[in-house]
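Using the working numbering, the first residue of the sequence shown is number 5, and each one after it goes up by one.
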Amino acid sequence: MRQIFFAIISILLISACGQTNSGPVTAIEISDTVVIKKDTVPTVYHRTNLDSIEATNNASVIASGNKVTKAYVSRQDSSIHLTANIRLDHRIFGYANPDIKSERLLLFSVFTNDVEKNPFGCKLGSYYDTGGMQNIKLKYLETAGNFIKAVAIDSSNNFTTLYFEKKWIVFE
């Protein structure tokens, strides 16, 4: 009886030790690639340098809280001006519509990698502050919800309407 019991236990142990997990194995790799799985078909998104700039600079501005540089609207002539302060962050986009998902037309930023070579391809350019805009003047038109409507006027008197988030604007 002992021998049969020992034989059964031995067979069970040997067969149990030989089993492997037959389920799928998922390898996790940390890189500049993000894999998002929906149902069973994975979608791969490659993170670009522009995405990295966007994420890093946005995080810095958010971490700054209320200690940021804002643009000012003159009550005398409705002009919009911004003076950069290297000690305070700012990252202000001018949009084609009152929607942060719309085309970015203009950027004011304290970050060099936002400004040099206009990496976001803003039609009106990217600048540290309004002093860098040699041939463009900005004028406030009206408030539109969470945005202010403004116009950019170039040296040829061409007008481009754009919108800034109201949180970045102060009326003098």
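Ideal placement from N, C-alpha and C gives every residue a C-beta, glycine not left out.
**Request:** Note down the Cα distance separating ASN150 from GLU169, rounded to an integer number of angstroms.
**Result:** 6 Å
**Asked** Grouping DSSP H, G and I as helix and E and B as strand, with all else coil, what is GLY149?
**Response** coil
**Item:** N- and C-terminal bounds of the alpha helix (DSSP H) containing THR116
**Value:** 116-119
**Contact under 8 Å by Cβ, TRP172 with LYS74** = Yes.
**Request:** Could you pull the start and end residues of the alpha helix (DSSP H) that ILE66 belongs to?
**Result:** ILE66 -> alpha helix (DSSP H) spans 53-68.
**Prompt:** In whole angstroms, what separates the C-alpha of ILE57 from that of ASP81?
**Reply:** 35 Å
**Asked** ARG108 CB to nearest chain D CB: under 8 Å?
**Response** Of the chains in the structure shown, none is chain D; there is only one protein chain.
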